[in-house]
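Student:
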Amino acid sequence: MLQLPVNNIPLAERLRPRSLKEFIGQEHLVGNGKIIKKLLQTSHLPSLIFWGPPGSGKTTLARIIANALKRDFYEFSAVNTKTKEIENIVKSSNNSLQTSAFNFQPLIFIDEIHRFNKAQQDKLLPHVERGDIILIGATTENPSFEIIAPLLSRCRVLVLKELSEKDLTKIIRRGLKELKIKMDPKAQKFLIESSNGDARVLLNVLEIAKSLSTSHKSLVISDIESALQRRQLTFDRQGEEFYNVISSYIKSMRASNVDAALYYLARMVEAGQDPLYIARRMVVFASEDVASPTALVVANAVFQACQQIGYPECQENLAAGTVYLATAKKDRSTYDAYMKALEDVRRFGNLPVPLEIRNAPTKLMKDLGYSKGYNMYTNKSLLPDKIKNKKYYHGHNQSSHR
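Going by the numbering used here, the residue at position 158 of the sequence shown is 923; the numbering climbs one at a time, nothing skipped.
Set out below in structure tokens:
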């Protein structure tokens, strides 16, 4: 097979970790005493589903596992793979195992496994069930909805998190060392913010920025902007301007000022703010500030649309949700009531629950008076004695505002 010169191999591929020692991030999975390390120390590796955002290390982790276990490794993408290809590997592997003293199943990695339809996933099931293969599926979508239940029940789901700023900083250092160039701290911060936790995007942009830069010494913000092909607005996603814009967006919706809310939304979208961040704030706003419970349904629908569609189309979903929330009747009585209850929990700790509303699953508990005298229609306070006269919620009319 033709070997590409090292310089022609993309930076992200050149820097791909080959072992857990080189792997950055996902400490909850790969740290000492965590599940990946434990699994590599056992003779039995279950089939796995890696669920996490793009560029979080799903493919890399699968390769590292295969390498550590010295297993035959076959890598597929569900986008352009037919299950027949996998079945041929299984058949060939079974023939080899019959003539071998070692019973090592091949490791089959399927990227974007959620793209396989139900029939395709069904064909994988018997091979996983019999142990013909070890399956590692990678997905950015919720496996509960995208993977058929019988297959999911035979796999262990491991959740990968978006890489942190600390993780991305380490990756940038490796990239700069490989490219033999330095980087201005402001440019580094901007690159980290623009990558949205995706290591692959970060390294690709870094490599392009280096090739476009007129300086051979240090990369600056304009180099990153050129590589991103996006004009930078005055919007530092960790600085004061970020908080000014997001605060203005929320306060505009709270004041039912649709035009202002749409303007500040457009500022965030044009600056490249993560649409899921904006959608999350909408979900919170729907519970805190809007009278109708339908608002939460709408906000969640916007969030799901942003997950499934992404930019640029999902900006229309964000705009529709913003208009709905801005024009909806406002009310904070539920939020204010909960905050008062939370304050008492923190102030008084675990006060004794009244006997009449305690759970009574045993005869002893019933004899002790648990659940005795409970009546769902009672007007009696069901709060602990110390705060039995407290009133947190006063209804919409007493604390509502436009």
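Glycine included, every Cβ here is placed at the ideal spot set by N, Cα and C.
Reducing DSSP to helix, strand and coil, say where residue 822 ends up.
Tutor: Along the sequence shown, one-based indexing puts residue 822 at 57. Correct three-state label for residue 822: coil.
Student: By DSSP, does residue 1153 sit in helix, in strand, or in coil?
Tutor: The sequence position of residue 1153 within the sequence shown is 388, counting from 1. Reduced to three states, the DSSP call for residue 1153 is coil.
Student: On a Cα-Cα basis, can you pick out the residue from 822, 827 and 790 that is closest to residue 804?
Tutor: Walking along the sequence shown from the start, residue 804 turns up at place 39. The option with the nearest alpha carbon to residue 804 is 827.
Student: Taking the Cβ atom as the reference point for each residue, do residue 821 and residue 798 lie within a distance shorter than 8 Å?
Tutor: One-based indexing of the sequence shown puts residue 821 at position 56. One-based indexing of the sequence shown puts residue 798 at position 33. It is not a contact, given that the beta carbons lie outside the stated cut-off.
Student: How about residue 897 and residue 952: do their beta carbons lie closer than 8 Å?
Tutor: Here residue 897 refers to the residue found at position 132 when the sequence shown is read from its first residue. Here residue 952 refers to the residue found at position 187 when the sequence shown is read from its first residue. Going by C-beta atoms, residue 897 is not nearer than 8 Å to residue 952.
Student: Enumerate, from N- to C-terminal direction, the unbroken alpha helix (DSSP H) stretches of 4 or more residues contained entirely within the stretch 932–965.
Tutor: Counting whole runs of 4 or more residues, the stretch 932–965 contains the alpha helix (DSSP H) stretches 950–960.
Student: Rounded to whole angstroms, what's the CA-CA distance from residue 1065 to residue 1127? Just pull it up for me.
Tutor: Mapped onto the sequence shown, residue 1065 falls at position 300. Mapped onto the sequence shown, residue 1127 falls at position 362. Those two C-alpha atoms are separated by around 41 Å.
Student: Whole-angstrom Cβ separation of residue 933 and residue 964, contact assumed at under 8 Å?
Tutor: Taking the first residue of the sequence shown as position 1, residue 933 is located at position 168. Taking the first residue of the sequence shown as position 1, residue 964 is located at position 199. Right, the Cβ-Cβ distance comes to about 7 Å (below 8 Å), so this counts as a contact.
Student: Which value, in whole angstroms, describes the spacing of the CA atoms of residue 911 and residue 1045?
Tutor: Reading the sequence shown from its first residue, position 146 is the one you call residue 911. Reading the sequence shown from its first residue, position 280 is the one you call residue 1045. Going by the C-alpha atoms only, they are around 22 Å apart.
Student: Run through DSSP, which three-state label would residue 872 get?
Tutor: Here residue 872 is taken as the residue at index 107 of the sequence shown, counted from 1. Strand at residue 872.
Student: Specify whether the stretch 1102–1118 and the stretch 1060–1075 touch according to this definition: at least 3 beta carbon pairs, one from each stretch, less than 8 Å apart.
Tutor: No: the two stretches stay apart, fewer than three of their Cβ pairs being nearer than 8 Å.
Student: Of all the options 1153, 1009, 980 and 976, which has the alpha carbon lying nearest to the alpha carbon of residue 993?
Tutor: For the purposes of this step, residue 993 is identified with residue 228 of the sequence shown, where counting begins at 1. It is 976 whose Cα lies nearest to the Cα of residue 993.
Student: With distance defined between alpha-carbon atoms, name the residue in 1040, 1130, 1132 and 1122 nearest to residue 1142.
Tutor: Position 377 of the sequence shown, counted from the first residue, corresponds to residue 1142. Ranking the options by Cα distance to residue 1142, first place goes to 1122.
Student: Let me know if residue 962 comes out buried or exposed under the rule of 16 or more other beta-carbons within 10 Å of its beta-carbon.
Tutor: Sequence index remark: in the sequence shown, residue 962 carries index 197 (1-based). With 16 or more other Cβ atoms within 10 Å, it is buried.
Student: Assuming the contact rule is C-beta atoms closer than 8 Å, residue 842 and residue 900 should be a hit. Round their C-beta distance to whole Å, please.
Tutor: For this step, residue 842 is matched to residue 77 along the sequence shown. For this step, residue 900 is matched to residue 135 along the sequence shown. Their Cβ separation, rounded to whole angstroms, is 14 Å, which puts residue 842 and residue 900 out of contact at 8 Å.
Student: What are the boundary residues of the beta strand (DSSP E) that includes residue 903?
Tutor: As a first step, residue 903 must be located in the sequence shown, where it is residue number 138. 899–904 is the span of the beta strand (DSSP E), which, as asked, contains residue 903.
Student: At which residue ranges does the stretch 1049–1131 contain complete alpha helix (DSSP H) runs of 4 or more residues, listed in the order of the chain?
Tutor: Segments of the alpha helix (DSSP H) lying fully in the stretch 1049–1131: 1059–1074, 1079–1092 and 1098–1113.
Student: Tell me where the alpha helix (DSSP H) around residue 921 begins and ends.
Tutor: The sequence position of residue 921 within the sequence shown is 156, counting from 1. Element bounds for residue 921: not the alpha helix (DSSP H) but the beta strand (DSSP E), 920–924.
Student: Which value, in whole angstroms, describes the spacing of the CA atoms of residue 1132 and residue 1156?
Tutor: Taking the sequence shown and counting its residues from 1, one reaches residue 1132 at position 367. Taking the sequence shown and counting its residues from 1, one reaches residue 1156 at position 391. Using only the alpha carbons, I get a separation of about 32 Å.
Student: Smallest Cα separation from residue 1086: which of 1047, 979, 955 and 792?
Tutor: Position 321 of the sequence shown, counting from 1, holds the residue named residue 1086. Looking at the Cα atoms, 1047 is the closest of the given residues.
Student: Would you identify the three-state DSSP class for residue 814, choosing helix, strand or coil?
Tutor: As a first step, residue 814 is located in the sequence shown; it is residue number 49 there, counting from the start. Strand.
Student: So for residue 804, helix, strand or coil by DSSP?
Tutor: Mapped onto the sequence shown, residue 804 falls at position 39. Residue 804 falls in the helix class under three-state DSSP.
Student: Closer than 7 Å by C-beta to residue 1137: which residues in its own chain qualify, once you throw out the five before and the five after it? Chain order, please.
Tutor: To locate residue 1137, count along the sequence shown from 1; it is residue 372. Around residue 1137: 1120 and 1121.
Student: Could you tell me the alpha carbon to alpha carbon distance between residue 940 and residue 948, rounded to whole angstroms?
Tutor: By 1-based counting over the sequence shown, the position of residue 940 is 175. By 1-based counting over the sequence shown, the position of residue 948 is 183. Those two C-alpha atoms are separated by around 11 Å.
Student: Would you call residue 886 buried or exposed, if buried means 16 or more other Cβ atoms sit within 10 Å of its Cβ?
Tutor: Position 121 of the sequence shown, counted from the first residue, corresponds to residue 886. Counting Cβ neighbours within 10 Å, residue 886 comes out buried, since at least 16 surround it.
Student: Considering only C-alpha positions, which residue in the set 1113, 1134 and 1130 is nearest to residue 1148?
Tutor: Position 383 of the sequence shown holds residue 1148. Of the candidates 1113, 1134 and 1130, the one whose C-alpha sits nearest the C-alpha of residue 1148 is 1113.
Student: Using 10 angstroms around the beta-carbon of residue 1150, count the other beta-carbons present and answer buried if the total reaches 16, otherwise exposed.
Tutor: Start at 1 with the first residue of the sequence shown, and residue 1150 comes out as number 385. So residue 1150 ends up on the exposed side.
Student: Would you decide whether residue 1160 is buried or exposed? Buried here means 16 or more other CB atoms lie within 10 Å of its CB.
Tutor: Here residue 1160 corresponds to residue number 395 of the sequence shown, with the count starting at 1. By the neighbour-count rule (16 or more Cβ atoms within 10 Å), residue 1160 is not buried but exposed.
Student: With distance defined between alpha-carbon atoms, name the residue in 1041, 1014 and 783 nearest to residue 1032.
Tutor: Within the sequence shown, residue 1032 is the residue found at index 267, counting from 1. Nearest C-alpha to residue 1032: 1014.
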